[in-house]
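According to our numbering, numbering within the sequence shown proceeds without interruption in unit steps and concludes at 499.
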Amino acid sequence: MREFNIAGPCVKRWHYMIDSLERVQGVDALISGGKYFVLHAARQSGKTTFIQDLTNQLNEKNNYYAVYCSLENLQGVTDVEKGMHEVVRSIQRDIFDYQLPYSKEFAKDANYENFTGVLQQALSDYCKKLDKPFVIFFDEADCLSESTLIAFLRQLRNGHNKRSITPFPHSVALVGMRNIRDFKAKIRSDSETLGSASPFNIVTKTLTLTNFTKDEIAELYAQHTSETGQKFDDDAVDFIYTQTCGQPWLVNAVAREIIVEKLNSDFSKPVTQTLARQAIHTIILRRDTHIDSLLERLKEERVRKIIEPLVLGENIGSRISDDFMFVKDLGLIKEENGKIIPSNPIYSEVIIRTLTYDYQEDLRGQFPEYQMSRYFKDGKIDMNYLMSDFQQFWRENSDMLPARFNYVEAIPHFVLMGFLQRIINGGGQVVREMAVGNGRLDLCIIYHDRKYPIELKIKHGAATLKRGLQQTVEYMDIHGCTEGWLCIFDRSSDKSWNEKIYTRHETVEGKKITIVGL
């Protein structure tokens, strides 16, 4: 019986899978036309599965000799001579593994001291022996760094440009998380130049793998139903699509968590929306390797430059900057209807939980678990009491926080979210809606089917209050609420706490809004 795969490339006889070759259009034409191209997508989105399937297909059709070659083992190798040696040896091993002709002759007499030409010479010599065009796919090409990367790209370019004179691979693909544009950024800093043309300006096209559509998720889950008889409720599929936005690893991980862990592989029970919700909550808290590797990136300065404005709702400048494109290539953010938002609700939740974790820990001493019940009365949250306590905490501690945390500008948002998360842990949910350029962060606490909408804003002049009230009304309308809270953080250094800390109530368009000054 096959299973939902969450580790490594998919294999049809072992795993449920969507035909990866159908997810990328136009590859056949690129290969038949002898083109060099790039395929990039976020981690665990199906790149390796796609390239391995394509390699096997090309060899089975017998029109080409094709090789899949991973360069992952060269991560961090900066010595160019050692790096080029390892690149050639990797190709050598893969040619042998695919049982291509003359495999033992590849790079047999290679001169590794000639690191600026050894790859080009080895590939050229090998192609001279073959009776069919040679195609090679370099996976994890963006693992190469500095001088090794330059030497690698330049030799491929030189060989490509001399193909009419000396045989060389017919088609080459560079596969990785990053686009070729970012390979150049990796080679040089803003203040440096290569002093020549781009080392790989021969790319005809850049391709990417898209996430699963809702129909593809349904198709994937239907394979399991066909083999086991276990059904996925329609609303469960809809919910999983909404929460994952079709990210392949998440789609598989949720199904696996439900079937293997929640239902103990009892195929007589259907997969419901309730089970899907529980599985997603478990995955968020457990922080599997896939998620944890993404969250490690949050510590990087170039990632902070994008994620912090996203939380604040501020603008980020150019959408073609290296920082922006890097975070987008990671799969943490996406552009949708002109807005920059988290790639999916699950990533949004784990990003915030990670960035607010230390704040929640700080709150443990001041607000022990046994005191949390004081904020709940008759099945409702006493938001005004809760906000009053937070005001006091913020007044006493805010000056000490910036020295300890990297996301300095977003500290007010993270501290309040950490406070709220700690209050409702295990008994409710905090829904966060982030988008670059919104000018605020929208939060909605959901507890016992009641909703408590909250707007978070940093004060920027007198217009902040007026705009904030209108935004709060709009957000309350979305959730169908008649009561909401507008939190305005005043970071002015020339104001006293007595001026900053206040609570007042206003009615706007028939809706009650509590303004919380901080």
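For each residue, glycine too, the CB sits at the ideal point set by N, CA and C.
Closest to Gln341 by CA distance: which of Phe305, Val396, Ile327 and Asn365 is it? Val396
Measure the alpha-carbon distance for Val235 versus Leu424 and round it to whole angstroms. 25 Å
In whole angstroms, what is the alpha-carbon distance linking Glu3 and Ile287? 33 Å
Residues that Phe371 bridges to, as DSSP identifies them: Its beta-bridge partners do not exist; DSSP assigns none.
Whose C-beta lies closer than 8 Å to the C-beta of Ile12 among residues of the same chain, with five residues either side of it excluded? Leu39, Tyr45, Val116, His151 and Ser152
From the DSSP output, in three-state form, read off Tyr51 for me. What sits at residue 51 in the sequence shown is Ser, not Tyr. Three-state DSSP puts Ser51 in a strand.
Taking Leu190 and Phe149 to be in contact with their CB atoms under 8 Å, please state how far apart those CB atoms are, rounded to whole angstroms. With 8 Å as the limit, Leu190 and Phe149 do not qualify as a contact, their Cβ atoms being about 27 Å apart.
How about Met398 and Ile322: are their beta carbons less than 9 Å apart? no
To the nearest angstrom, how far is the alpha carbon of Glu200 from that of Cys226? 15 Å
Please determine, among Val411, Glu464 and Ser477, the residue with the shortest C-alpha to C-alpha distance to His486. Glu464
8 Å Cβ shell around Lys212 - same chain, five flanking residues per side excluded: Thr206, Pro251 and Val252
Extract the residue ranges of the alpha helix (DSSP H) inside the stretch 120 to 161, only unbroken runs of 4 or more that lie entirely within it. 127 to 142
When burial is assigned at 16 or more other CB atoms within 10 Å of the CB, is Val(-8) buried or exposed? exposed
Spatial neighbours of Ala257 within its chain, please: CB distance less than 8 Å, with the 5 preceding and 5 following residues excluded, ordered by chain position. Ala217, Phe220, Ile221, Gln224, Val235 and Ile239
According to the Cβ coordinates, are Ile131 and Val68 closer than 9 Å? no
One question on the structure: do Arg144 and Gly15 come within less than 9 Å of each other, judged by their Cβ atoms? yes
Opposing strand residues paired with Gln410 [DSSP bridges]: Ile427
Name the two residues that bound the continuous beta strand (DSSP E) containing Trp466. Glu464 to Phe470
Terminal residues of the beta strand (DSSP E) in which Thr59 lies: Neither: Thr59 is in no beta strand (DSSP E) and is coded neither H nor E.
Given a cut-off of 9 Å on the beta-carbon distance, is the pair Lys499 and Lys481 in contact? The sequence given here places Leu at residue 499; Lys does not occur at that position. In contact: Leu499 and Lys481 (Cβ atoms closer than 9 Å).
Using beta-carbon positions only, say whether Ile314 and Ser299 come within less than 9 Å of one another. no
Please report how far the alpha carbon of Ile146 lies from the alpha carbon of Ala154, in whole angstroms. 21 Å
What's the call for Ala178, buried or exposed, on a 16-neighbour Cβ count within 10 Å? In this prediction, Ala178 has a pLDDT of 45, which is less than 50 and means its spatial position is unreliable; what the coordinates show is noted afterwards. Ala178 is exposed by the Cβ-count criterion.
From Gly319, His429 and Thr495, pick the residue whose C-alpha is nearest to that of Gly449; which is it? Thr495
Give the range of the alpha helix (DSSP H) segment to which Pro251 is assigned. Run containing Pro251: none; DSSP gives neither H nor E here.
Contact between the stretch 242 to 251 and the stretch 371 to 381 (3+ Cβ pairs under 8 Å): no
Give the secondary structure of Leu20 by DSSP, where H, G and I count as helix, E and B as strand, and everything else as coil. strand
Starting from Leu311, follow the alpha helix (DSSP H) in both directions and report where the run begins and ends. Asp303 to Leu311
Roughly how many angstroms separate the alpha carbons of Lys493 and Ala(-12), rounded to a whole number? 50 Å
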